[in-house]
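Only one structure is covered here, and it is reproduced in the block below.
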Amino acid sequence: MNPHLAIDWVQGVTVAGVDGWLGLIAMALWMLVIEPLYGRKSFQAMLRALDAGVVNARRDMYRHWILSSWLSMAAILLLVFFVLGWTPQQLGLRLPTFNLHLGSGFVVGMVAAAVGGMLLGMFAASRQKRRGAVAVTPAMNDAVARLLPHTPTERRHYALLSVTAGVCEEIVWRGVLLAALVAIFPQAPTWVLLLPMPLMFGWAHWYQGWSGVLVTGILGAVFTGLYAVTGSLLIPIILHALVDLRGLLIPLPPEVSGSDLTP
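According to the working numbering, numbering within the sequence shown proceeds without interruption in unit steps and concludes at 315.
See the structure below:
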């Protein structure tokens, strides 16, 4: 085992041959260039459709993002498994263990703090909603607020989108990305490998604007820390999905729930 790497479950990932390097380059271009641009373009198209009064514009975008997320992850995993030869275990698809010698107390405390904060936020949002108040959050600019669901049909699709994001984004932006960084920089210290992951995750959410990039980058740092400690994507996947599902409880500002409501 490389003494510079405490993330031992990722050991053994390599990139060999021209096909392997071409596949890795294609994957990097997709994740870091095409996907952020595509996400921003489709999000802006939804906003224009809402402004034009297009019925079910928000629901249709949810469906589109759900399908594209699963297809994108499937294509990346096919490349990872059959071209690069990496294993599911090397991508963190395994049960949690305790890494980096931080111990179970650290993990329990970190998860408890994350879940407690999330539950308190959901409780506060629920109370505001019952009172007819408007939830104000630093990350909710007008565009992001308009992403939230309004109708029962939209809420069901949004819930599925939240679960999809938890699974697909964690596997790709945590599991695959860390393995790729280890393969490219096998001698790098652990902190050097982990540092760019939240930054890249934030960049993937460029469609939310720079405030959204900042907030998702911070969340990405929390998920990355949990992944580094447990060696598993299970806890990050669950927390990621729950954080996104919290959007179902956020009361919408009046200017958002007006002309852009879909029947």
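We put the CB at the ideal spot given by N, CA and C, even for glycine.
For residue i, does the count of other Cβ atoms within 10 angstroms reach 16, so buried, or fall short, so exposed?
i, result
"Phe-253", "buried"
"Ala-235", "buried"
"Ile-302", "buried"
"Val-295", "buried"
"Thr-66", "exposed"
"Pro-88", "buried"
"Leu-199", "buried"
"Ile-288", "Correcting the residue identity first, residue 288 is Pro in this sequence and not Ile. The residue in question, Pro-288, is buried, as its Cβ has 16 or more Cβ neighbours within 10 Å."
"Leu-233", "buried"
"Ile-86", "exposed"
"Trp-243", "exposed"
"Leu-81", "exposed"
"Val-228", "buried"
"Ala-177", "A caution first: Ala-177 carries a pLDDT of 49, below 50, which makes its placement in the model unreliable, though a value can still be read off. Buried, by the Cβ-count rule."
"Gln-142", "buried"
For residue i, collect the residues of the same chain with a Cβ closer than 8 Å to its Cβ; drop the 5 residues on either side in sequence, then sort them by chain order.
i, result
"His-209", "Arg-111, Tyr-114, Arg-115, Ile-118 and Pro-201"
"Ala-293", "Ser-214, Val-215, Ala-217, Gly-218 and Val-219"
"Gly-155", "The predicted position of Gly-155 is uncertain, since its pLDDT is 49 and thus under 50; no value can be drawn from it."
Hey, residue i and residue j: beta-carbon distance below 8 Å or not?
i, j, result
"Ala-211", "Leu-297", "yes"
"Trp-225", "Ala-256", "yes"
"Val-62", "Leu-230", "yes"
"Leu-136", "Gly-72", "yes"
"Leu-300", "Arg-207", "yes"
Within its chain, find whatever has a CB closer than 7 Å to the CB of residue i; leave out the 5 residues flanking it on each side and keep chain order.
i, result
"Thr-276", "Arg-226, Leu-246, Met-249 and Pro-250"
"Leu-131", "Gly-75 and Met-79"
"Val-188", "The predicted position of Val-188 is uncertain, since its pLDDT is 43 and thus under 50; a value taken from the coordinates is nonetheless stated next. For Val-188, where only same-chain residues beyond five positions count, there are no Cβ hits under 7 Å."
"Phe-134", "none"
"Gly-269", "Pro-250, Leu-251, Phe-253 and Gly-254"
"Trp-122", "Thr-216 and Cys-220"
"Arg-92", "Trp-258 and Tyr-259"
"Leu-271", "Val-295"
"Leu-102", "Ala-109, Arg-110, Arg-198 and Asp-312"
Thinking residue i and residue j are a contact (beta carbons under 8 Å), I'd like their distance in whole angstroms, please.
i, j, result
"Gly-144", "Tyr-279", "6 Å"
"Met-125", "Ile-223", "6 Å"
Taking 6 Å as the limit between beta carbons, can you name the residues of its chain near residue i, skipping five residues before and five after?
i, result
"Phe-95", "Tyr-259"
"Met-98", "Ala-109 and Met-113"
Counting only beta-carbon atoms, is residue i nearer than 8 Å to chain D?
i, result
"Pro-201", "Absent here is chain D; the protein component of the structure consists of one chain."
Taking 7 Å as the cut-off, is the C-beta of residue i nearer than that to any heavy atom in the ligand SAH?
i, result
"Leu-245", "What this structure holds is no ligand at all, so the ligand SAH is not there to describe."
Ranges of the alpha helix (DSSP H) found wholly within the region 260-286, counting only runs of at least 4:
261-282
Kindly provide the ranges of any alpha helix (DSSP H) runs that are 4 or more residues long and lie completely inside the region 85-162, ordered along the chain.
87-103 and 109-131
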